[in-house]
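Chains as they are written, first to last, in this note's numbering: chain A, 27 to 238; chain B, 76 to 269.
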Amino acid sequence: MNYLADVGALARKDLLLELRARDTLPAMLLFVVSALVVFHFVLPAGSSDLAATGLLWVALLFTALLGLSRAFAAEREQGVIDGLVLAPSDRSAIWLGKALSILAFLALAELIALPAFALFFRHIDGTLIGGVALADVGIAAVGTLLAAMAAASRARELLLPLLFLPLAIPIVVGGVGASVADDPARYLGLLGLYDALFAIICWASFEYVVTE
Amino acid sequence: MIRARALEKRYGDKRILRGIELDVGADDFLLVTGPNGSGKTTLLRLCAGLAAPTRGDFELGVSRGRIGYVAHEPLVYRELTALENLDLYGRLYRISERRERIGMLLERFGLWDARHERVASYSRGMLQRLALCRAFLHEPDLLLLDEPYSGLDGEGALVLDRELTERAPRTAFVVATHEPERLRRHATDLLALA
């Protein structure tokens with residue numbers, strides 16, 4: 027129960043910080059809508075739904091990257107990460123609290139992005155929404171760990187995409203597959219497996235990322 | 076509480092600390108002095124468990140939840156108020172009667188009236204007072220203070236003097252400072268880094 031209370035306190039703090047500073051979510055919203063508008067004009071008339079769906083995933087992935095690049099900004103700028111690491115709570119609670127807040131930001135961005143995609147390109151169905159939801163879990167899990175690693179580095183703006191994008195390839199494969207394949211269950215299963223596997227790895231390894 | 080033998084710390088090729096010998100007991104007050112770049116902050120980070128030694132033996136006989144740490148930075152969120160910051164730490168440290176304790180510390184350090192203001196609007200001295208509140212919040216057994224008087228005005232320094240006098244008999248201290256005179260009366264040991 028203490029663990030969940032710690033996670034809740036840390037996630038609540040992140041949401042409160044965003045409510046006050048508004049430096050992540052508005053940027054994500056603007057980016058994803060702008061990207062979809064640009065893609066709308068990039069795709070030639072009569073292009074297939076498959077191409078449009080692929081571009082949706084590109085937009086979502088880079089929107090997530092934008093949010094992740096700001097994930098540990100407050101902790102880095104104020105050195106707060108040392109204070110959190112010194113607290114007696116399990117250090118993985120820092121990861122889980124941050125991952126939950128990133129998940130919330132992604133969900134809010136997609137609340138705007140998916141209707142915009144439906145407006146510009148094609149209708150969205152339950153499978154696409156399911157794929158996006160499962161992808162968000164994986165993005166938040168892996169992205170939070172990598173954002174913490176990158177935050178400790180001087181070359182953080184370069185390091186995060188270099189680490190995150192290769193690890194996000196299975197998410198893109200699963201997400202696009204779930205959105206367009208005749209048998210989406212296989213791809214949704216892949217996303218679920220990725221989420222479970224990487225959530226465990228990230229949960230267990232976060233302590234080593236934030237300590238020397 | 077802290078025991079170090081032939082402690083060495085390097086960052087890459089740069090040697091920060093070398094041949095450090097430490098014995099800090101439960102009610103000892105170790106004063107660490109030295110010029111800029113001599114490794115005072117690094118030593119405190121080692122004592123806090125925030126950094127690992129490169130070589131040598133190092134034993135920390137206290138759990139991290141019993142350590143209070145004042146660093147160069149206040150380790151608080153600028154967009155939260157003093158009350159929200161301390162409440163977050165109070166929850167993570169599972170402090171019973173958290174609100175009463177936070178209120179008492181804020182009043183003692185003269186921050187009660189500014190408790191609902193965002194920390195971003197605080198002066199350097201107010202930030203240092205808040206950092207001290209954060210470090211004292213959970214009644215730690217080991218206090219690691221890096222230039223604790225930095226930024227404090229006369230009144231703030233007097234409050235800190237009182238806190239140190241009150242806590243010194245029952246708390247272990249490792250204090251890094253450029254001005255050892257003010258703390259010499261508490262000190263049981265002195266480590267001068269070159």
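In this text, a Cβ means the ideal position worked out from N, Cα and C, and glycines have one as well. Bear in mind that the values here come from a model prediction, so they are computed numbers and not experimental data.
Less than 7 Å between the CB of residue i and some heavy atom of the ligand COA, yes or no?
| i | result |
| --- | --- |
| L172/A | Here there are no bound small molecules, and the ligand COA is not part of this structure. |
With 8 Å as the threshold, decide whether the Cβ of residue i is near any Cβ in chain A.
| i | result |
| --- | --- |
| L155/B | yes |
| L163/B | yes |
| A123/B | yes |
| E148/B | yes |
| I142/B | yes |
| R237/B | no |
| A189/B | no |
| S225/B | no |
| S198/B | no |
| A126/B | yes |
| Y86/B | no |
| V249/B | no |
| V145/B | no |
Please decide whether residue i counts as near chain B, where near means a Cβ-Cβ distance under 8 Å.
| i | result |
| --- | --- |
| K39/A | yes |
| L30/A | no |
| V106/A | yes |
| L43/A | yes |
| R46/A | yes |
| V111/A | yes |
| E233/A | no |
| P52/A | no |
| S115/A | yes |
| A177/A | no |
| T174/A | In the sequence on display, residue 174/A carries Ala and not Thr. No, no contact with chain B. |
| A100/A | yes |
| A78/A | no |
| E136/A | no |
| A130/A | no |
Buried or exposed: residue i, going by 16 or more other Cβ atoms within 10 Å of its Cβ?
| i | result |
| --- | --- |
| N111/B | exposed |
| D151/A | exposed |
| N28/A | exposed |
| L233/B | exposed |
| G215/A | exposed |
| G231/B | buried |
| T240/B | exposed |
| T252/B | buried |
| P192/A | exposed |
| H149/A | exposed |
| G94/B | exposed |
| R242/B | buried |
| V84/A | exposed |
| I227/A | exposed |
| E44/A | buried |
| D40/A | buried |
Is the beta carbon of residue j closer than 8 Å to that of residue i?
| i | j | result |
| --- | --- | --- |
| F131/A | L62/A | no |
| L122/A | V68/A | no |
| A9/A | T89/A | Because chain A is modelled from 27 through 238, residue 9/A falls outside the range shown and cannot be assessed. |
| G157/A | S231/A | no |
| L219/B | A123/B | yes |
| L268/B | G131/B | no |
| A174/A | V235/A | yes |
| D98/B | R78/B | yes |
| R190/B | L180/B | no |
Using a Cβ-Cβ cut-off of 6 Å (strictly less than) and excluding sequence neighbours within five positions of residue i, which residues of its own chain qualify?
| i | result |
| --- | --- |
| S95/A | L186 |
| D216/B | V137 and R141 |
| L126/A | A37 |
| E134/B | R78 |
| A146/B | D221 |
| A142/A | V59 and L62 |
| E233/A | R117 |
Based on the DSSP secondary-structure assignment, which residues constitute the bridge partners of residue i?
| i | result |
| --- | --- |
| R120/B | According to DSSP, R120/B bridges with nothing at all. |
| F147/A | The partner list for F147/A (beta bridge, DSSP) is empty, contrary to what the question assumes. |
| F104/B | F248/B |
| A79/B | L97/B and F133/B |
| K89/B | Y86/B |
| T156/B | R193/B |
| G143/B | L218/B |
| A267/B | T108/B |
Which same chain residues end up closer than 8 Å to residue i when comparing Cβ atoms and leaving out the 5 residues on each side of it in sequence?
| i | result |
| --- | --- |
| L155/B | L163, R193 and V194 |
| D103/B | M76, A247, F248, T263 and D264 |
| A155/A | First, the amino acid is wrong: residue 155/A is Ile here, not Ala. Closer than 8 Å at the Cβ level, and outside the excluded window around I155/A, lie L140. |
| Y168/B | G140, L212 and H213 |
If you drop the 5 nearest sequence neighbours on each side, which residues of the same chain put their C-beta closer than 7 Å to that of residue i?
| i | result |
| --- | --- |
| M54/A | T89, L92, G93, F131 and A135 |
| R257/B | Y224 |
Return no unless some Cβ of chain D is closer than 8 Å to the Cβ of residue i.
| i | result |
| --- | --- |
| A181/A | The chain labelled as chain D is not found among the protein chains of the depicted structure, namely A and B. |
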